[in-house]
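Below is one structure, written out as structure tokens, with a few remarks after it.
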């Protein structure tokens, strides 16, 4: 027993700080957890390969190859047409033929030539040979006149280049207009035209870098092309090439790409081995949730939920796998353990089943989050199969509402058929939970409230046998079940488990019921005639014999724990002292129960309730006062603590106080009208009470 609630230093975080991650992982990873991991990996690989071989290859496409069939939109969606945007931008860019800029070098060369013509120098002009010879053969006066006018026209052109007067690139028409203004003979005008035609080259050039920059800026200024599709629209026709954009749209619509799922297989092999560590870390501050974690069952239930998720995805109702997992987990596991199992299992399933489609991973993960939180509150108090179905259906409707909101937020599409599939899938998977749950319980030896109620029903064969052959023990078990259930409700424990454990904890007395005081019906105590060691042997044997009956009637392991641990390793002190008083030299161990001591809160509570009920029943013959009841209850609790029987149970001081107060109130209610029978003969009364005090009280306690 601990004096405080939860000790974080005993959790996984504290152990990591003390031992290091590697040491903790190695120490806390025995074979049964490794087997659970192998089960998860097997489920994951089976689903991934099944999806690839059946779903993907039958309905899938291959990027860069022709489409094997025509694909139609399953739901409305909007998307950015990257290919259309790229074509439009390229066309807009092509409207820019080239960017003209002033050619400084050409202008410098023209200036040099103008100056040379003004001086009458022909050498710098670089004229053709025929034209140069013609100028040289002319009279000097005519040659100078021609060169002077050509220099003037060139100078005017250079001065006005790019303005309103002359264009940057002179045309023959422009040159002739200027020459016609001269009062010269036609022969001289022809020579001037030939000179200017060779000298006046374009003073601009196309800047390729600037042209590309301008084309890019103009293309980027265009908004991306946005397109929409409605259900039934053709996404790609058979025989067309599957482009990257089409492949992306098909994936968003839920169609599969035919590629070997290396990424998903790698994820399964690398991530799933850390599944047990996730569970341990999430339950590190809840010791009760970490006790006897059924790793194989956890892995199998999570794997089955992935199968449910796979079949749900075939009808485009992703997220229903978490409903199945919540139904199994919250009915068979402590709530503090079920929550991280549902949450972690749903997220892993989203990655394994959805083919790493980002939007669908988000959809399934968020629906799993809703299942883990809502299931924590809606699936804790189940009292019938019809009630379970209703709660699962309501939880499924909540999931569906969240899923529809996510689809609306991410433009995944909502259509009438989807609503129908969600309702039908919700009803179907809720029914599947009820159908599969008994198989899981029998296979993995886990307990749900439904199975506990079935075990506790009076029609149970073993309870009927107990009622007929050991009626005193039967009624003792019923009383104990009632008391334990009341205390369990006060402490927030599993009251159904406590009641079932109480009903079966003494079934070992069926083998020899007459050796136990509650079945002697006022007759003489058989133990008065037996040796103390034989009496102790018979009484202690009811533990072993109870376990044998439990195995014969296939009682769950958690119920067998109540049979084995409800006496712990306590000793039958009455018979031991009786043997010593008779002069017998016997070891004390011979008079002690084999144990083990209680290892869970439930079995520890049953030990206290059983011992207190026996003590109160014995003491009540002499007194019914509240102080006497308090003294008896306190004495039993202190005795169990001093003997170390509660050392392995994490009861707090507050828990023990609640146990004492609840039992005190219960016994007051049970015995408030009980009177000690008046006996006319006073001597007979005194003698009877004395015998009860010296023998019956302790003897009846021992013979339980």
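Residue numbers (our numbering): 159 to 862.
Just so it is clear, CB atoms sit at the ideal spot from N, CA and C, and this is done for glycine as well.
Note that this is a predicted model, so its numbers are computed, not measured.
* Asked: When you compare only the Cα positions, how much space is there between residue 744 and residue 485?
  -> Taking the first residue of the chain shown as 1, we reach residue 744 at position 586. Taking the first residue of the chain shown as 1, we reach residue 485 at position 327. Computed Cα separation, rounded: 55 Å.
* Presumed contact (8 Å Cβ cut-off) between residue 698 and residue 708, rounded CB distance -> Numbered from 1 along the chain shown, position 540 holds the residue referred to as residue 698. Numbered from 1 along the chain shown, position 550 holds the residue referred to as residue 708. Here residue 698 is actually not in contact with residue 708; their C-beta atoms are around 17 Å apart, not less than 8 Å.
* **Runs of alpha helix (DSSP H) wholly within the stretch 302-361 (minimum 4 residues, chain order)** => If you keep only unbroken alpha helix (DSSP H) runs of at least 4 residues inside the stretch 302-361, you get 330-338, 344-357.
* Asked: beta strand (DSSP E) containing residue 237: first to last residue?
  -> One-based indexing of the chain shown puts residue 237 at position 79. Segment 235-238, the beta strand (DSSP E) holding residue 237.
* To do: Determine the closest residue to residue 234 out of 206, 450, 575, 592, with distance taken between C-alpha atoms.
  => Translated into the one-based positions of the chain shown, residue 234 becomes position 76. Checking every option, the nearest Cα to that of residue 234 belongs to 575.
* With distances taken from CA atoms, which of 819, 660, 478, 534 is nearest residue 466? -> The sequence position of residue 466 within the chain shown is 308, counting from 1. Among 819, 660, 478, 534, the Cα nearest to that of residue 466 is on 478.
* Asked: Expressed to the nearest angstrom, what Euclidean distance is found between the alpha-carbon atoms of residue 284 and residue 238?
  -> Along the chain shown, one-based indexing puts residue 284 at 126. Along the chain shown, one-based indexing puts residue 238 at 80. Near 59 Å, if we compare the C-alpha coordinates of residue 238 and residue 284.
* Where does residue 841 sit, in a helix, a strand or coil, going by DSSP? -> Locating residue 841 in the chain shown gives position 683, where the first residue counts as 1. Reliability of the predicted coordinates at residue 841 is poor, the pLDDT of 45 falling under 50, and the value obtained from them is presented with this limitation in mind. DSSP places residue 841 in helix when its eight states are reduced to three.
* Asked: So, using beta-carbon positions, are residue 111 and residue 220 closer together than 8 Å?
  -> Any property of residue 111 remains undetermined from this structure, which presents the chain solely from 159 to 862.
* Asked: Enumerated in chain order, which unbroken segments of the alpha helix (DSSP H) with a length of 4 residues or greater are wholly contained in the stretch 416-446?
  -> For the stretch 416-446, the full-length alpha helix (DSSP H) segments reaching 4 residues or more read 420-429, 433-440 along the chain.
* To do: Can you have a look at residue 286 and say buried or exposed, based on whether 16 or more other CB atoms are within 10 angstroms of its CB?
  => Taking the chain shown and counting its residues from 1, one reaches residue 286 at position 128. Under the 10 Å beta carbon count, residue 286 is surrounded by fewer than 16 other beta carbons and is classified as exposed.
* Would you please state the rounded distance, in angstroms, between the beta carbons of residue 289 and residue 352? I believe it to be under 8 Å. => In the chain shown, residue 289 corresponds to position 131, counting from 1. In the chain shown, residue 352 corresponds to position 194, counting from 1. The Cβ separation is near 6 Å, so the contact holds.
* How do the stretch 548-558 and the stretch 521-533 stand: do at least 3 beta-carbon pairs fall below 8 Å, yes or no? -> Enough Cβ pairs lie closer than 8 Å, so yes.
* From 266, 454, 347, pick the residue whose C-alpha is nearest to that of residue 301; which is it? -> The residue given as residue 301 occupies position 143 in the chain shown. Ranking 266, 454, 347 by Cα distance to residue 301 puts 347 first.
* Is DSSP giving residue 756 helix, strand or coil here? -> Here residue 756 refers to the residue found at position 598 when the chain shown is read from its first residue. Taken through DSSP and simplified to helix, strand or coil, residue 756 comes out as coil.
* May I ask you to list the residues that DSSP assigns as paired with residue 386? => Within the chain shown, the letter at position 228 stands for residue 386. According to DSSP, residue pairing for residue 386 in a beta bridge involves 236.
* Asked: From 754, 645, 594, 511, pick the residue whose C-alpha is nearest to that of residue 455; which is it?
  -> Numbered from its first residue, the chain shown carries residue 455 at position 297. Selected option, being the one with the closest Cα: 594.
* To do: Have a look at residue 804 and residue 756 and give me their C-alpha separation to the nearest angstrom.
  => Position 646 of the chain shown, counted from the first residue, corresponds to residue 804. Position 598 of the chain shown, counted from the first residue, corresponds to residue 756. Approximately 7 Å, taken between the alpha carbons.
* Asked: In chain order, what residues of the same chain lie with their CB nearer than 7 Å to the CB of residue 696, ignoring the 5 residues before and after it?
  -> Residue mapping note: residue 696 aligns to position 538 of the chain shown, counting from 1. Excluding positions up to five away in sequence, the list reads 670, 673.
* Can you tell me the Cα-Cα spacing of residue 272 and residue 371, whole angstroms? -> For the purposes of this step, residue 272 is taken as the residue at position 114 of the chain shown. For the purposes of this step, residue 371 is taken as the residue at position 213 of the chain shown. Each residue's Cα considered, the two are about 36 Å apart.
* Quick one: Cα of residue 491 to Cα of residue 453, how far? -> The sequence position of residue 491 within the chain shown is 333, counting from 1. The sequence position of residue 453 within the chain shown is 295, counting from 1. Computed Cα separation, rounded: 11 Å.
* Asked: If you compare alpha carbons, which of 483, 561, 693, 568 is closest to residue 537?
  -> Within the chain shown, numbered from 1, the residue matching residue 537 stands at position 379. The residue with the shortest Cα to Cα distance from residue 537 is 483.
* What does residue 399 pair with, by DSSP beta-bridge criteria? -> Within the chain shown, residue 399 is the residue found at index 241, counting from 1. Note: residue 399 sits in a beta bridge opposite 224.
* Between the CA atoms of residue 500 and residue 722 - distance to the nearest angstrom -> Sequence index remark: in the chain shown, residue 722 carries index 564 (1-based). Sequence index remark: in the chain shown, residue 500 carries index 342 (1-based). Separation of residue 722 and residue 500 (C-alpha to C-alpha, rounded to the nearest whole angstrom) is 32 Å.
* Asked: With DSSP run on the structure shown, which of helix, strand or coil describes residue 219?
  -> Taking the chain shown and counting its residues from 1, one reaches residue 219 at position 61. Three-state DSSP puts residue 219 in a strand.
* Asked: Between residue 654 and residue 610, which are expected to be in contact by the criterion C-beta below 8 Å, what is the C-beta distance as a whole number of angstroms?
  -> Stepping through the chain shown from its first residue, residue 654 is reached at position 496. Stepping through the chain shown from its first residue, residue 610 is reached at position 452. So it is a contact: roughly 4 Å between Cβ atoms.
* To do: For residue 432, count neighbouring Cβ atoms within 10 angstroms of its own Cβ and tell me buried if that reaches 16, exposed if not.
  => In the chain shown, counting from the first residue as 1, residue 432 sits at position 274. With fewer than 16 other Cβ atoms within 10 Å, it is exposed.
* Quick one: what does DSSP say residue 394 is sitting in, helix, strand or coil? -> Locating residue 394 in the chain shown gives position 236, counting from the first residue. The three-state reading of DSSP puts residue 394 in strand, counting E and B together.
* **Beta-carbon gap between residue 662 and residue 720 smaller than 8 Å** => For this step, residue 662 is matched to residue 504 along the chain shown. For this step, residue 720 is matched to residue 562 along the chain shown. Less than 8 Å separates the beta-carbon of residue 662 from that of residue 720.
* Which residues in the same chain as residue 834 place their Cβ atom closer than 6 Å to its Cβ, once the five residues preceding and following it in sequence are excluded? -> Locating residue 834 in the chain shown gives position 676, counting from the first residue. A caution first: residue 834 carries a pLDDT of 36, below 50, which makes its placement in the model too unreliable to give a value.
* Mark residue 212 as exposed unless 16 or more other C-beta atoms lie within 10 angstroms of its C-beta, in which case mark it buried. => Translated into positions along the chain shown, residue 212 becomes position 54. Exposed, since its Cβ has fewer than 16 Cβ neighbours within 10 Å.
* **Buried versus exposed, by CB contacts within 10 Å (16 or more), residue 626** => Within the chain shown, residue 626 is the residue found at index 468, counting from 1. So residue 626 ends up on the exposed side.
* To do: Answer with buried or exposed for residue 840, where buried requires no fewer than 16 other C-beta atoms within 10 angstroms of its C-beta.
  => Along the chain shown, one-based indexing puts residue 840 at 682. Any reading at residue 840 needs caution, since the residue's pLDDT is 43, under 50, leaving its predicted position unreliable; the model's value is listed next. Burial call: exposed.
* Counting contacts by CB-CB distance shorter than 8 Å, is residue 343 in contact with chain C? -> Reference to chain C is not applicable here, since this structure consists of a single protein chain.
* residue 229, DSSP secondary structure in three states -> Position 71 of the chain shown holds residue 229. Strand, per DSSP.
* **Classification of residue 450 by the beta-carbon crowding that lies within 10 angstroms, buried from 16 upward** => Numbered from 1 along the chain shown, position 292 holds the residue referred to as residue 450. Around the CB of residue 450, fewer than 16 other CB atoms lie within 10 Å, so the residue is classed as exposed.
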